[in-house]
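Chemist: Numbering (UniProt numbering), first residue to last: 1 to 140.
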């Protein structure tokens, strides 16, 4: 067992090649092999967002606080709220971030494949970010 005390993994500002606006990343876990789990707490300031990206083995997002958006190539953005859980299938190009008037605090969980966790693409344009969002519909 390994315990990581509070403050032992400092947060860092997200790379501007991958994020628009201010996003703080707090590592939760990069488990040693054979596990492939990678978990990060992501804190987005209002209007901040990721670039388009995908994950080879998919991704789970859990919204801790605030209000956000998630967009895919084939659908209008959806609104995210505290308590929402999102499953993004392997290879699906997507982005996520905070709405203009709220922070977004979430936990992301993904697995590495051959050492790779994320494939980064172009930044989300203002037009893509400002597209009218849809309310999420319950699944299941």
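Here a beta-carbon is modelled for each residue, glycine too, at the ideal position from N, C-alpha and C. Please read these numbers as outputs of a predicted model, since none were measured by experiment.
With which residues is residue 52 paired in a DSSP beta bridge?
Modeler: Paired residue(s): none; residue 52 is not in a bridge.
Chemist: What's the gap between the Cα of residue 34 and the Cα of residue 94?
Modeler: 27 Å
Chemist: Heavy atom of the ligand GDP less than 8 Å from the Cβ of residue 101, yes or no?
Modeler: Annotation note on the ligand GDP: not contained in the displayed structure, which lists no ligands.
Chemist: When we look at the beta-carbon of residue 119 and count the other beta-carbons within 10 Å, is it buried (16 or more) or exposed?
Modeler: exposed
Chemist: Where do the ends of the beta strand (DSSP E) carrying residue 26 lie?
Modeler: Judged by DSSP secondary structure, residue 26 falls within the beta strand (DSSP E) whose first and last residues are 23-30.
Chemist: Classify residue 126 as helix, strand or coil using the three-state DSSP reduction.
Modeler: helix
Chemist: Assign residue 117 to one of two classes, buried (16 or more other C-beta atoms within 10 Å of its C-beta) or exposed (fewer than that).
Modeler: buried
Chemist: Could you tell me the distance, in whole angstroms, from the CA atom of residue 10 to the CA atom of residue 44?
Modeler: 16 Å
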